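Only one structure is covered here, and it is reproduced in the block below.
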Amino acid sequence: MENKQKAAVLEILNYWKITEFLGQTDIPQESTENKKLIKNIKNGKEVKAEKIEVFFDLPVLSSPDIDLEMILENDRDGYAKFPSVGDEIHFCLGKVERNTVVDYLEKFIEDKSDNPEIAYPKKSAIAWCSFKTDTKGVYLQNSFQLSSILWAVAKWDEARAHNSHDFSLDTSEYEELVGEIDEELQNQNVDEFISTIYEKIFNEYVKHRFLDDPQESMGIAEYNRYASEQARDADEDVVDYAAQGKSFFLNDIIQLSELVQNGNFGDGNEYEKKVIEYILAGYEKSKGSDDLPRTIISPDAGKSEMKLFFDRILNVTNSPRGKWPAKYMPALMQQVAVNIAIRQDGDAPVFSVNGPPGTGKTTLLKEIVASNIVERARLLAENAEDPDSLFEMHSFSHGPLEANANAYYQYAPHYYSINVDEINNYSMLVASCNNAAVENITIDLPKSRDILDSLESSGDDEEEIRCGLDEVHDLFDINKSGDVETITRYGKSHEEKDIYFTRYADKLLGGVDCWGLISAPFGRKANIRKYCNSVLKPFVEDYRSNDVREQHKAKYLEVRKKFLSQYKLVESLRNELEQICALASSVPVELQENAPEDLSCEIGNVERKRQMLERQLFAEQKELIELEESRPKGLFARRKDTSARDIFIQEKKATISKLNGEITSLNNRISGLQNLQEYQRRISKYSHGQMKMTPVDAVFMERYVSEDDQLSTKAQITNPWFTAQYNREREKLFLYACKLHKEFVISSKCMRHNIINLMIAWNVFDDCGERMKLADREEAMPYMLQSIFLLTPVISTTFASAQTFLGDVKKSGVLGTLIIDEAGQAQPQMAVGAMFRCRKAIIVGDPKQIEPVVTAETDMIKQLLTAEILAGYKDKKISVQAFADYINPYGTYLGKDEEKEWVGCPLVVHRRCIDPMYTISNVLSYDGTMKQQTAAPKEDRARTFILDKSCWIDVAGAENSGKKDHFVKAQGELVLKLLARKFERDPIDIPRLFIITPFTSVKEGMLEMIKKSELYGKEPRVRKWLNANNIGTVHTFQGQGTDEVIFLLGCDSKSMGAVNWVNNNIVNVAATRAKFRFYMIGDKSVWTCRPVRVARECTAEILTAKEVEDVFGGKPQEIEAISDGTQKKGTKTSDHLKKNGNKMPQDSSGDIKSAPAKMSMICPECGKKLVERSGKFGKFIGCSGFPKCRFTQSV
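As structure tokens, then:
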């Protein structure tokens, strides 16, 4: 890495370090659960708890005496059932509202955010400083923390006072200042320094900025009480309430900075170079440079270019050998993404996939999982007849058993590394900032029902298709498994059927029927502890016996033989398909499009023409030789030049050259025709049954680039070159790969030792009383984790937990493939810790979703920093997805002109929402590139819907009085009626409905109204529905979906700033949470911003609140919806249409309320305005983008 580039990387990492440093937490709040415990204890009730947290207010500044001994003595009497006291007392001094900091900094920000949520964040406060003491009140060294936000504001004021135009923050200055205060407080009692430190911080960091006078109370303190000494000693989850800066990423950023600084990261391989590009993406993008190599994946790239691309990427040689079991194949762009992602030596080691809602990101990930497991099984089978031969032994340095190689446990004295490092390429770590997203993936993969349902055959399937599916189905059905485990515990044996550690997966996921331990959620300590108790401890116990391992070693050899045999079969099928791919790519599209009916006859005709030209060429060459030979000779027998003869000779040479060109052209045509003939001969057997396939040929390419939506969709939902036969064999190979992993892990003594030592490192192994020392953990952890991925191939973690989970892994490139989900929600620095520890990254997300959330005061301080290189890192919209997209050579452009944006490899087949939600999303965010394949709701499901159509419900009203409170009471009252209707029609425990709003104030207002309503009192399910978080802001619903969504907008005409803040992404996310119905509630005259206007125009109907109430006034059975979303005869709405001559309702201005008939409607395919046109069959609605866009509809 060049010095200039290295300096830039380090400056950006330092900026991210400052960003994390400024992430100060709120003043601690007592949890609701703890409040209930304390209340019950004071009321003399019995409580079942091992621990309580005791909070108390600190005295006022005028009388600062703190008698901790008295406080603890009184509490001992009050909490007699909790006699044991924790070791520390946490103090938080002072209080500043975040809003106050925002208001102070806002004066200095030129480009203020219009975001009403950011400009006025939720009501919360930060402490001025914090520290800890022991239970006697003596200060604990290195515990003092000054508010990073107050310190940064003070540094800004200092720069202004010196009229400096450059502002930067150096955290080493902060550390030096805190170190000096820490030294002053050494060995002092809290009584001796609390008032002094309080006044010091107030005068230097608070006074005249945020407060003029000290507050009544100096702050709060907290300590823990326990039911017993044992409970105290066992408590590993002590919350440090004095820790103000709980950054989940700071240590990882510092670790990467050190690696780069010392030359240990950045130049090692192509992946490291790509990670450096990722870090620099904001800087390069801000310079406007867009000269990176780009391969556009889009019909707009042209038929010829895309044919060459598909021939290269979709060739079967680039596809996975293993397949996740499912009847249906991945769609076209899913397969493109998979093929690029799995390459080990490709040009995209950091590869991003742009996956709009409902486009099958999980399907894509499953295919990558299957591929990695099969490839790793191949390496295991090829390199080890004896599993233990693949390991290399290492000794600990600091274990207590000095006579036993410094071991921690005498029966597992060593740890082991895998000596074929390529095997480690295929471990898979799934990470995200969205805890639900990562856990859902790792919980879904082992589910038996999901796989069995996906393999179900139907009555329409041909016999051989049905037989193939049934065979694979039975292999993954635990009830039909022939793999029987004999489990011996405590002297008793029993038999259990197994597929891949099925019993461990069942126990880990609890209550979910699983087929195998393919994945597990990690990250949080509770998850790791559960994994150890459900998997690792039973594993160690079940396979403790050497005899059992020897039996499984024999089984390993059997499974290895079976796997290699199946691998060979898959390879032979693959080779056949590769030959057809090669033939197809060798035949030009033009020749395929204009292929003669009788190829043999055409080849004969061309052959005869070539022979004729060859005879003509021979004659011309003979004449040329004769002309040269007959030239007159002069002195020394040299031939004389004669002008006439020379002209004739040149003409002969030109004729010969022309003939050679024509013959070459005919040779090429003959070769092309012969290839086409051979291709047609071979492809003919792939036209039906298990052998049926879709080739990438002229027909396919014509569909792919077609402007006809139905034809282009047909191309997008296909998967070229794959046959059902090939897929079934690949699915079997995946199963045998899992079996191979299972027997390898069981029969390896080295694996067992690594598992035991990993539990010792995590302090969960019962037979070892001492936790592994840090130095030993840092040496051994990389190898022990690599072993765990052999047992559980996919492990998930949140970014917030990764720093803890992987904290002992200090080296780069330890793990294999990093898969980042929901990457559009994560700030770029969140991913770097996981990225530097892996060897490949697949980034999956959607930049058109809600951007990462940044607190206002931190964002404002970032805006004040002046370094030029940081310009591209201050935008709140930047994300892991955006940075990965920028450096990805494969993708497409969305938007036009100044909004034109490069996104990663696009997924386009949408299977989540029906209209209008699909069209809203497609028009607002994806340039009409998505293709809809969503099934309509079944009739019994549709009967539970509130209304028979999605609609805009026009409700005007005034906002609540109060600063930035956008809740409109009239709109809330209508929502209550819709909610009552939902609970009346949907009998399930928690009805499938979200209430989503852009604004926190609207959410709070709606919650309060619901809790005060009659419905809340008489319908017990409402409380459950609320507790399940079914009402909230748009940000909280990303990654989720339900049947119906009420999009409650709020606002009146006085809040146009808030209205105009609502952007495409917010409306896109809100709309695509709804699968079947989307009800927008707002004032049409207020909500004129483009995103909401487009959504309204795409919606089928606009109603007033009274019209909705009229519908509700009818009998419930009169208002039924059928599966395609149309209305049945006799409904209120259809009656209304009849009375008005089949015209949709109109508003007071005479505008038709049905969006499709409105002249102002936008084109659902390209987003341009629709206009009225005249044709030979009369008037129709057409797109103003014609002829490029050919969308039409009848008037």
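Numbers 587 to 1781, taken from this note's numbering, label the letters of the sequence shown in order. We treat Cβ as the ideally placed atom computed from N, Cα and C, and that holds for glycine. These figures come from a predicted structure and were not determined experimentally.
Query raised in the report: Should the segment 1464-1477 be called in touch with the segment 933-947, which here means at least 3 C-beta pairs below 8 Å?
Result: yes
Query raised in the report: Going along the chain, which residues of its own chain have a beta-carbon closer than 6 Å to the beta-carbon of threonine 1712, five neighbours each way excluded?
Result: Residue 1712 sits at position 1126 when you count from the first residue of the sequence shown. Confidence at threonine 1712 is low in this model, with a pLDDT of 36, below 50, so its placement is unreliable and no value can be given for it.
**Report entry** C-beta contact flag for glutamine 1276 and glutamate 1050 at 8 Å
**Finding:** For the purposes of this step, residue 1276 is taken as residue 690 along the sequence shown, with counting starting at 1. For the purposes of this step, residue 1050 is taken as residue 464 along the sequence shown, with counting starting at 1. Yes.
Report task. Pull up the distance between the alpha-carbon of tyrosine 1512 and that of glutamate 1487, whole angstroms please. Result -> As a first step, residue 1512 is located in the sequence shown; it is residue number 926 there, counting from the start. As a first step, residue 1487 is located in the sequence shown; it is residue number 901 there, counting from the start. Their Cα atoms are separated by approximately 11 Å.
Query raised in the report: Tell me the DSSP bridge mates of phenylalanine 642?
Result: Sequence index remark: in the sequence shown, residue 642 carries index 56 (1-based). Bridge partners of phenylalanine 642: Ala807.
Report task. Return the CA-CA distance between asparagine 1010 and tyrosine 760, expressed in angstroms with no decimal places. Result -> Mapped onto the sequence shown, residue 1010 falls at position 424. Mapped onto the sequence shown, residue 760 falls at position 174. Cα to Cα, asparagine 1010 sits roughly 41 Å from tyrosine 760.
**Report entry** Spatial distance of methionine 1730 from tyrosine 1665 (CA atoms)
**Finding:** Here residue 1730 corresponds to residue number 1144 of the sequence shown, with the count starting at 1. Here residue 1665 corresponds to residue number 1079 of the sequence shown, with the count starting at 1. Since pLDDT at methionine 1730 reaches only 32, below the 50 mark, its modelled position is unreliable, and the value read off the structure follows with that caveat. Distance between the alpha carbons of methionine 1730 and tyrosine 1665: 17 Å.
Query raised in the report: Is DSSP giving serine 938 helix, strand or coil here?
Result: Locating residue 938 in the sequence shown gives position 352, counting from the first residue. Reduced to three states, the DSSP call for serine 938 is strand.
Query raised in the report: Taking one C-beta from the segment 922-932 and one from the segment 894-910 each time, how about it: are there three or more such pairs within less than 8 Å?
Result: yes
**Report entry** Three-state secondary structure assigned by DSSP to glutamate 1188
**Finding:** Translated into positions along the sequence shown, residue 1188 becomes position 602. If DSSP states are grouped into helix, strand and coil, glutamate 1188 belongs with the helices.
Report task. Tell whether a beta-carbon distance below 8 Å holds between isoleucine 1303 and aspartate 1540. Result -> For the purposes of this step, residue 1303 is taken as the residue at position 717 of the sequence shown. For the purposes of this step, residue 1540 is taken as the residue at position 954 of the sequence shown. Cβ atoms of isoleucine 1303 and aspartate 1540: not closer than 8 Å.
Query raised in the report: Which residue's Cα is closest to the Cα of methionine 1595: Ser670, Leu1612, Ala1417?
Result: Stepping through the sequence shown from its first residue, residue 1595 is reached at position 1009. When only C-alpha atoms are compared, the closest one is Leu1612.
Report task. Return the chain-ordered list of same chain residues with a C-beta closer than 6 Å to the C-beta of phenylalanine 1204, the five sequence neighbours on each side being excluded. Result -> If you number the sequence shown from 1, residue 1204 lands on position 618. Here the set comprises nothing.
Report task. Give the DSSP-derived three-state secondary structure of tryptophan 1538 in the structure shown. Result -> To locate residue 1538, count along the sequence shown from 1; it is residue 952. Reduced to three states, the DSSP call for tryptophan 1538 is strand.
**Report entry** Residue of Ile735, Met919, Glu1008, Ser1018 minimising C-alpha distance to alanine 1417
**Finding:** Here residue 1417 refers to the residue found at position 831 when the sequence shown is read from its first residue. Of Ile735, Met919, Glu1008, Ser1018, the residue nearest in Cα terms is Ser1018.
Query raised in the report: So what does DSSP say about tyrosine 665, is it helix, strand or coil?
Result: Working through the sequence shown from its first residue, we reach residue 665 at position 79. Note: tyrosine 665 maps to coil in three-state DSSP.
Query raised in the report: In the DSSP assignment, what residue or residues form a beta bridge with isoleucine 1073?
Result: As a working note, residue 1073 is residue 487 in the sequence shown. Partner(s): His1080.
Query - Residue span of the beta strand (DSSP E) that contains alanine 1427, given as start and end - result: Here the question's residue 1427 lines up with position 841 in the sequence shown. 1426-1431 is the span of the beta strand (DSSP E), which, as asked, contains alanine 1427.
Report task. Enumerate in chain order the residues of its own chain whose CB-to-CB distance from glutamine 774 is below 8 Å, with the five nearest sequence positions on each side excluded. Result -> Position 188 of the sequence shown, counted from the first residue, corresponds to residue 774. Around glutamine 774: Val724, Tyr725.
Query raised in the report: Taking the continuous alpha helix (DSSP H) assigned at proline 1368, which residues delimit it?
Result: As a working note, residue 1368 is residue 782 in the sequence shown. Here the alpha helix (DSSP H) through proline 1368 covers 1360-1377.
Query raised in the report: Is the beta carbon of phenylalanine 730 sitting closer than 8 Å to the one on leucine 771?
Result: Here residue 730 refers to the residue found at position 144 of the sequence shown. Here residue 771 refers to the residue found at position 185 of the sequence shown. Yes; because the gap between Cβ atoms is below 8 Å, this pair is in contact.
**Report entry** Exposure label - serine 649; buried when at least 16 CB within 10 Å
**Finding:** Taking the sequence shown and counting its residues from 1, one reaches residue 649 at position 63. With fewer than 16 other Cβ atoms within 10 Å, it is exposed.
Requested in this report: Report the residue from Glu870, Ser1292, Gln1178, Leu1533 whose alpha carbon sits nearest the alpha carbon of alanine 1686.
Outcome: Taking the first residue of the sequence shown as position 1, residue 1686 is located at position 1100. Of Glu870, Ser1292, Gln1178, Leu1533, the residue nearest in Cα terms is Leu1533.
Query raised in the report: What is the C-beta distance between isoleucine 1064 and lysine 1083, in whole angstroms, given that I count them as a contact (C-beta under 8 Å)?
Result: Stepping through the sequence shown from its first residue, residue 1064 is reached at position 478. Stepping through the sequence shown from its first residue, residue 1083 is reached at position 497. Yes, they are in contact, since the Cβ atoms of isoleucine 1064 and lysine 1083 sit about 6 Å apart, within 8 Å.
Report task. From the DSSP output, in three-state form, read off glutamate 891 for me. Result -> Counted from its first residue, the sequence shown places residue 891 at position 305. Glutamate 891 falls in the helix class under three-state DSSP.
Query raised in the report: valine 687: beta carbon under 7 Å from a heavy atom of the ligand GDP?
Result: By its list of ligands, the structure shown contains no ligand whatsoever, and the ligand GDP lies outside what it can speak to.
Query raised in the report: From asparagine 1254 to lysine 1239, what distance separates their C-alpha atoms?
Result: Within the sequence shown, the letter at position 668 stands for residue 1254. Within the sequence shown, the letter at position 653 stands for residue 1239. If I take the Cα positions, the gap works out to 22 Å.
Query - DSSP-derived helix/strand/coil call for glutamine 1518 - result: Position 932 of the sequence shown holds residue 1518. In the structure shown, glutamine 1518 sits in a strand (DSSP, three-state: E or B).
Report task. Determine which residues share a DSSP beta bridge with proline 1492 and list them. Result -> The sequence position of residue 1492 within the sequence shown is 906, counting from 1. Answer by DSSP bridge pairing, in chain order: Asn940.
Requested in this report: Assign isoleucine 704 to one of two classes, buried (16 or more other C-beta atoms within 10 Å of its C-beta) or exposed (fewer than that).
Outcome: As a first step, residue 704 is located in the sequence shown; it is residue number 118 there, counting from the start. Unreliable placement is indicated for isoleucine 704, whose pLDDT of 41 sits below 50; no coordinate value is reported for it.
Report task. Give the single residue among Met1287, Arg1663, Arg1679 whose Cα lies nearest to the Cα of aspartate 1669. Result -> In the sequence shown, counting from the first residue as 1, residue 1669 sits at position 1083. The shortest Cα separation from aspartate 1669 among Met1287, Arg1663, Arg1679 belongs to Arg1679.
Report task. Give the C-beta separation of tyrosine 807 and phenylalanine 642 to the nearest angstrom, bearing in mind that I take them to be a contact with Cβ-Cβ under 8 Å. Result -> For the purposes of this step, residue 807 is identified with residue 221 of the sequence shown, where counting begins at 1. For the purposes of this step, residue 642 is identified with residue 56 of the sequence shown, where counting begins at 1. Sequence check: residue 807 is alanine here, not tyrosine. That pair is a contact at about 6 Å.
Requested in this report: Determine the direct distance from the alpha carbon of histidine 1552 to that of phenylalanine 1585, and round the result to whole angstroms.
Outcome: Mapped onto the sequence shown, residue 1585 falls at position 999. Mapped onto the sequence shown, residue 1552 falls at position 966. Cα-Cα distance, rounded: 7 Å.
Requested in this report: Please classify glycine 1558: does DSSP put it in a helix, a strand, or coil?
Outcome: Position 972 of the sequence shown, counted from the first residue, corresponds to residue 1558. In this structure, glycine 1558 counts as helix in the three-state DSSP scheme.
Query - Inter-residue Cα distance where the pair is tryptophan 602 and isoleucine 839 - result: Within the sequence shown, numbered from 1, the residue matching residue 602 stands at position 16. Within the sequence shown, numbered from 1, the residue matching residue 839 stands at position 253. Each residue's Cα considered, the two are about 7 Å apart.
Query - Straight-line Cα distance separating histidine 984 from glutamate 1784 - result: In the structure as shown, the chain begins at 587 and stops at 1781. Residue 1784 is therefore absent and cannot be evaluated.
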